[in-house]
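A.B. asks: Structure incoming, see below.
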Amino acid sequence: MKRVRPWGALGAAMALLMAPTLAEPLPEAHDPAAPSPGSTEATPEPTGWGSLQEWLGLPEWLQLQLEIQAEPMANPVGGKASRASWIQQSTLQIVILPWRQSGSEASRWSMRTDLTFINCNPNYAESIGAVIPLQQLADPPGFWLSAAEIRRETLPGSWGLRAGLLSLDPEFFTAPLASYYVHGALNTAPGLGTADFPVAPLHAPGAVLSLRPSEELRLDVAGFDLTAMAAQVRRFGIEGSMAGPGGWLQMVQLELTPDWLQPSSQPPSVPPSAPLQLPPGSLQLGGYLGSGPNRGLYSSLSLPVGSGPGSDRRLWFAATLGLDPAFNSIRTNLSTGVVVLGPSPGRPRDLLALGMARTGFSPGLQPPLGQEGVVELGYQLRLNDNLNLQPTLQWIVNPGARGAWPGILSSGLQVTLTF
Numbered sequence: 000m001k002r003v004r005p006w007g008a009l010g011a012a013m014a015l016l017m018a019p020t021l022a023e024p025l026p027e028a029h030d031p032a033a034p035s036p037g038s039t040e041a042t043p044e045p046t047g048w049g050s051l052q053e054w055l056g057l058p059e060w061l062q063l064q065l066e067i068q069a070e071p072m073a074n075p076v077g078g079k080a081s082r083a084s085w086i087q088q089s090t091l092q093i094v095i096l097p098w099r100q101s102g103s104e105a106s107r108w109s110m111r112t113d114l115t116f117i118n119c120n121p122n123y124a125e126s127i128g129a130v131i132p133l134q135q136l137a138d139p140p141g142f143w144l145s146a147a148e149i150r151r152e153t154l155p156g157s158w159g160l161r162a163g164l165l166s167l168d169p170e171f172f173t174a175p176l177a178s179y180y181v182h183g184a185l186n187t188a189p190g191l192g193t194a195d196f197p198v199a200p201l202h203a204p205g206a207v208l209s210l211r212p213s214e215e216l217r218l219d220v221a222g223f224d225l226t227a228m229a230a231q232v233r234r235f236g237i238e239g240s241m242a243g244p245g246g247w248l249q250m251v252q253l254e255l256t257p258d259w260l261q262p263s264s265q266p267p268s269v270p271p272s273a274p275l276q277l278p279p280g281s282l283q284l285g286g287y288l289g290s291g292p293n294r295g296l297y298s299s300l301s302l303p304v305g306s307g308p309g310s311d312r313r314l315w316f317a318a319t320l321g322l323d324p325a326f327n328s329i330r331t332n333l334s335t336g337v338v339v340l341g342p343s344p345g346r347p348r349d350l351l352a353l354g355m356a357r358t359g360f361s362p363g364l365q366p367p368l369g370q371e372g373v374v375e376l377g378y379q380l381r382l383n384d385n386l387n388l389q390p391t392l393q394w395i396v397n398p399g400a401r402g403a404w405p406g407i408l409s410s411g412l413q414v415t416l417t418f
């Protein structure tokens, strides 16, 4: 089998590190935990029940975070059958910052490990007649080592690096606002119908090189060993659906955040416990090349909306195109939506997300499939720093993509606990 040469793109990008435009002084005591530009989090007054960090009295160089997420869902109307589903995922993230206070090059390096346990029936969508998963957490159940990496923080005028066992999202193939949605056509790696790409919690040995010559420009180049990924997943007793050609996957992504994509004025003042803003407006252009060959292109655009309800608003569009139907069951995915921060008076931390997507499937599938669509409305209630509740309504258009079932109305609740 002919395989893609793995490090051609990475080698070329590495050469750019010697360019004068990326010459850089050492950072001055940068705090890796500080909010990055465009972060959705301010430095709020502490509200909630505390964290593992506080409860265990851990030093600053050792950071632990536990996230427990559940997604109960049911479809009272439509589809092949009316069913209910419960998915629960628990993730422990461990970050080691051994040189955090050194104020030198070493302070930018850290190590991270993610351990994930998933308890669910990942086939809920199939059981009710849909093709695309209705739930974000619809992954094979079991224990996952979903990340084990060393990283160099990426700063403007500099470069960054991640190496080890990695997933391609959320850095690649995911629009900046996708995390506010639940349906698979809107959330993680929408429009990617390849069985063995390392979409979380799947992981693969690989590396990501990030070049950031300015605040407004970022280039990411990555390589993943998909053959080694299959063996790594089996060590945890999870076969999953590893039906792809293996080999190597290479990805390139360019992200622009120019001034003309930013709000013309700052959002009105909000309480210090509220997020300051949504992620900045941005333009993403990317592509991937895998063995087979398995090639594809994707893009996203998010724009500020000048007036309307809430303190901050974004309108976004995204598109993906799979070029090799033999290895990618999804030919096209077109999606759009709007996200509003603080839509309700007196609740500046809440968030409203409306999105819609249409997925077209590759020719040659048996049985032949046409298109499946979704409209999703979600409202995120941020009750405190530890607990988020997001009730969601979804309408699935042409479930199964064959015209065999009536449209599906589903309702769910995403519960997120973070400590």
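Using numbering that gives the first Met the number 0, the final residue of the sequence shown is 418, and nothing's skipped along the way.
Cβ coordinates follow ideal geometry from the N, Cα and C atoms, glycine included.
(1) My output table needs one value for Ala-137: the three-state DSSP class, helix, strand or coil.
(2) The alpha helix (DSSP H) that contains Gln-261, what's its start and end?
(3) Kindly list the residues whose CB is nearer than 6 Å to the CB of Leu-314, restricted to its own chain and excluding five residues on each side of it in sequence; keep chain order.
(4) Return helix, strand or coil for Ile-407, following the three-state DSSP convention.
(5) Would you call the region 86-96 and the region 46-66 in contact, with 3 or more CB pairs under 8 Å?
(6) Once you ignore the five residues that flank Phe-342 on each side, which residues in its own chain have a CB closer than 7 Å to its CB?
(7) With H, G and I counted as helix, E and B as strand and the rest as coil, what does DSSP make of Gln-252?
(8) How far does the alpha helix (DSSP H) with Ser-301 in it extend, from its first residue to its last?
(9) Using 10 angstroms around the beta-carbon of Ser-103, count the other beta-carbons present and answer buried if the total reaches 16, otherwise exposed.
(10) Taking Ile-127 as part of the alpha helix (DSSP H), name the residues at either end of that continuous run.
(11) Jot down the residue ranges of each uninterrupted alpha helix (DSSP H) in the region 36-100, minimum 4 residues, whole runs only, in chain order.
(12) Indicate the three-state DSSP secondary structure (helix, strand or coil) for Ala-400 in the structure shown.
(13) Classify Ala-83: buried if its beta carbon has 16 or more other beta carbons within 10 angstroms, exposed otherwise.
(14) Specify the secondary structure class of Ser-106 as computed by DSSP and reduced to three states.
(15) In or out: Leu-248 buried (at least 16 other Cβ within 10 Å) or exposed?
(16) Taking a contact to mean a Cβ-Cβ separation below 8 Å, would you say Asn-397 touches Glu-375 in this structure?
(17) Between the C-alpha atoms of Gln-76 and Gln-135, what's the straight-line distance to the nearest angstrom?
(18) At what residues does the beta strand (DSSP E) containing Asp-219 begin and finish?
(19) Locate the beta strand (DSSP E) running through Pro-324, then write down its first and last residues.
(20) Is it buried or exposed for Gln-231, if we count other Cβ within 10 angstroms and need 16 for buried?
(21) Report the partner residues of Phe-142 according to the DSSP bridge assignment.
(22) Which residue's Cα is closest to the Cα of Leu-57: Trp-48, Ala-73, Val-94?
(23) Taking just the CA atoms, how far does Arg-346 sit from Trp-98?
(24) Taking the alpha-carbon of Pro-155 as reference, which of Arg-211, Gln-276, Gly-363 has the nearest alpha-carbon?
(25) For Arg-357, which of Ile-131, Leu-255, Trp-60 has the nearest alpha-carbon?
(26) With 16 as the cutoff for other CB atoms within 10 Å, does Asn-293 come out buried or exposed?
C.D. replies: In this structure, then:
(1) coil
(2) First-last for Gln-261: undefined, no H or E at that position.
(3) Leu-302, Val-304, Val-337
(4) strand
(5) yes
(6) Note on identity: in this sequence residue 342 is Pro, with Phe being the wrong assignment. Taken in chain order, the residues that qualify are Pro-308, Gly-309, Asp-349, Leu-351.
(7) strand
(8) Ser-301 -> not in any alpha helix (DSSP H); beta strand (DSSP E) instead, spanning 293-303.
(9) exposed
(10) 123-127
(11) 51-55
(12) helix
(13) exposed
(14) helix
(15) buried
(16) no
(17) Rather than Gln, the amino acid found at residue 76 in this sequence is Val. Each residue's Cα considered, the two are about 21 Å apart.
(18) 216-224
(19) Unbroken run through Pro-324: none, as it is neither H nor E.
(20) buried
(21) Phe-116
(22) Val-94
(23) 39 Å
(24) Arg-211
(25) Ile-131
(26) buried
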